[in-house]
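Asker: Residue numbers (this note's numbering), protein chains in the order written: chain A, 1 to 108; chain B, 1001 to 1114.
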């Protein structure tokens, strides 16, 4: 079993829909990262959180430390949100464990 | 700041050749990471440095892979000899250390070994 599990693996939705991507982890963490990778390959850090909730524009990330679960939400989704979203658990020190990613495709 | 800078962006090489990938972290960052991404395995941590010292190299696949960080502004990942299964995108990233800091990625080096 992977230490970081994401669901769903693939998600196709219509423009405007509310999107939720889930991440469960089994290790102790100092932080949980959400990353975005566009088709061109570049990786951008969206959020880094260790408790509660963070919001940036239409993106919201939440984490429940007790349940070892995090979610990434996208409100009013848009085709430009189409990307791979990767959850990464930062374990002891600087060690990062990645989920396999969720491939999101937003249809116009 | 220009961000994390990697070179080369793309490299095609023949099996058996030596490959050297280079990375310049963001100035002031003292943690540097090398990752590999493939379709089959996703993103994997190969090695990371803190204050130029290798902390965890358990992700380095085998002795053909080596990484160095001679100073705070430069790191290399070397594959010798290269094999077709080494074909992947290699990302370098940096952050302020002590855990729980945003990680900044380079644009990746796309390696193809034929």
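The beta carbon of each residue, even a glycine, is placed where N, CA and C say it ideally should be. These numbers come from a predicted model, not from an experiment.
1. Does the distance from the C-beta atom of residue 1081 of chain B to that of residue 1018 of chain B stay below 9 Å?
2. With DSSP as the reference, label residue 1054 of chain B as helix, strand or coil.
3. Look up residue 58 of chain A in the DSSP assignment and say whether it is helix, strand or coil.
4. Counting only Cβ pairs nearer than 9 Å, list the residues of chain B close to residue 96 of chain A.
5. I'd like to confirm the pairing. Which residues does DSSP put opposite residue 75 of chain A in its beta bridges?
6. Give me the Cβ distance between residue 1076 of chain B and residue 1020 of chain B, rounded to the nearest whole Å; I'm assuming they're in contact under 8 Å.
7. Check whether the Cβ atoms of residue 1048 of chain B and residue 1033 of chain B lie closer than 9 Å to each other.
8. With DSSP as the reference, label residue 1085 of chain B as helix, strand or coil.
9. Residues in the same chain with beta-carbon distance under 6 Å from residue 54 of chain A, minus the five sequence neighbours each way, listed in chain order, please.
10. Sort B/1073, B/1039, B/1006, B/1056 by Cα distance to residue 1045 of chain B and report the nearest one.
11. Mind listing which residues of the stretch 65 to 85 of chain A have their C-beta closer than 7 Å to chain B's C-betas, in chain order?
12. Short check: CB of residue 1009 of chain B to CB of residue 1107 of chain B, under 9 Å?
13. Cα-Cα, which of A/8, A/39, A/31, A/95 is closest to residue 80 of chain A?
14. If distances are taken between C-alpha atoms only, which option among B/1024, B/1095, B/1111 comes closest to residue 1085 of chain B?
15. May I ask you to report which of helix, strand or coil DSSP gives residue 1041 of chain B?
16. Cβ of residue 1097 of chain B within 9 Å of Cβ of residue 1051 of chain B?
17. Go ahead and pull the three-state DSSP assignment for residue 1036 of chain B.
18. Measuring alpha carbon to alpha carbon, tell me which residue in A/72, A/95, A/91, A/90 is nearest residue 104 of chain A.
19. Hey, would you say residue 1004 of chain B sits closer than 9 Å to residue 1023 of chain B, going by beta carbons?
20. Is it buried or exposed, residue 37 of chain A, if we count other Cβ atoms within 10 angstroms and call 16 or more buried?
Answerer: Let's see:
1. yes
2. strand
3. coil
4. Those within 9 Å of residue 96 of chain A in chain B are 1033, 1035, 1043, 1045, 1048, 1093, 1103.
5. Partner(s): none; residue 75 of chain A has no beta bridge.
6. So it is a contact: roughly 6 Å between Cβ atoms.
7. Closer than 9 Å, so yes.
8. helix
9. So the list reads 47, 61, once near-sequence residues are dropped.
10. B/1056
11. none
12. Taking a C-beta distance under 9 Å as the contact criterion, residue 1009 of chain B and residue 1107 of chain B qualify as a contact pair.
13. The shortest CA-to-CA distance from residue 80 of chain A to any of A/8, A/39, A/31, A/95 is the one to A/39.
14. Nearest C-alpha to residue 1085 of chain B: B/1111.
15. coil
16. yes
17. strand
18. A/72
19. yes
20. buried
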